[in-house]
Structure formats: structure tokens, C-alpha cells
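A.B. asks:
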Amino acid sequence: MKHFTDTELRCKCCGRLPPEAKANAEALVDNVLDPARELLGKPIHVNSGFRCPAHNAAVGGVAKSQHTLGEAADITTGSPAENLKLARLIAKRGQYDQMILYVTTGSMEPQFIHVSWKRNGDNRHRILKHVIGTPGYSTVTSL
């Protein structure tokens, strides 16, 4: 973990990062976040990393969210245009399980990106888009 700390990946409500989740989060950083930061050449902020079950429920996360395993982080550069650039870099590199672009209506520039990595198991290389404030997700075939 070169550009990120476990403090950034801890649950925002309780500060926990259990050992198994920590190992998963470190794998996420080593395989996705640190390389993405190197390619982008500027800081990436972690909005949400590991979530305890209570925090996950409070933010409306799905019951089996990868956040509850430490496998996922919601990230941003602070700029939707730069977030799209970041998503393209991650997709091109090909080291990710799932990316979800959280966009506003009519835009492909994400307000933030959910990205995950499975330390144990197959990574799906799936990209989805979610329009904030609407139900459901759609598959993204190209960035």
C-alpha cells in the first residue's frame, strides 16, 4: 500500500477494519487503487471503504455488499471529468472485479466510482452505470 492507508479504508461509522477485511482491502489497494493512482498521476480520495453491517444498512447498501468484506471502495478525484478518466484507466489496465459509475441523468462522467477486487475468487471485469436517484443499473460496454 503505497498511496493509501488502512485508516482511509476503515468503516466511517465505527472505525473498524477486521483482519479478513483488512487483507481484502490491502489486495484492493495493491491491485487496483495504487496502480490507478500511479497512472492518473494525482490523488484519489476514498469516500467509503469497509462498511460494518450497521453502516452498510444505514447507507442503503445491498446485504452482500463487497464493502462489508473490504473488497470495495467508492473513490473520486473530486472532478466528474477526471473520474471518467480514472475509470477508463482502470478499465484499460484490466485489474478490477467490478466498477460502478455513479452518474447524473444524461452524463457518463461519474460523481464517484465504486471499484472492487476479489482476493479470493474470479474477478468479473464488469462495468455498470447507475443514474443517481433512479433504481437499477445498466451494463457499460465501452468507456
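In the working numbering, the protein residues as written are 2 to 144.
C-beta atoms are modelled at their ideal positions from N, C-alpha and C, and glycine is treated no differently.
With distances taken between CB atoms, is the gap from L41 to L87 smaller than 8 Å?
C.D. replies: As a first step, residue 41 must be located in the sequence shown, where it is residue number 40. As a first step, residue 87 must be located in the sequence shown, where it is residue number 86. Yes, these two residues count as a Cβ contact at 8 Å.
A.B. asks: Near A28, what residues of its chain come up, given a Cβ to Cβ distance below 7 Å and the 5 sequence neighbours on each side ignored?
C.D. replies: Against the sequence shown, residue 28 aligns to sequence position 27. Same-chain partners within the cutoff: W118, R120.
A.B. asks: Going straight from the alpha carbon of A64 to that of K43, what length do you get?
C.D. replies: Position 63 of the sequence shown, counted from the first residue, corresponds to residue 64. Position 42 of the sequence shown, counted from the first residue, corresponds to residue 43. The alpha-carbon atoms of A64 and K43 are separated by roughly 33 Å.
A.B. asks: Quick one, which of T105, T78, T6 has its alpha-carbon nearest N37's?
C.D. replies: Indexing the sequence shown from 1 puts residue 37 at position 36. Note that residue 37 is Ala in the sequence shown, not Asn. Ranking T105, T78, T6 by Cα distance to A37 puts T78 first.
A.B. asks: Can you tell me which residues form a DSSP beta bridge with F51?
C.D. replies: On the sequence shown, residue 51 is found 50 positions in, with the first residue counted as 1. Paired residue(s): none; F51 is not in a bridge.
A.B. asks: Mind checking who H115 pairs with in its DSSP beta bridge?
C.D. replies: The residue you call residue 115 lines up with position 114 of the sequence shown. Bridge partners of H115: D75, I101.
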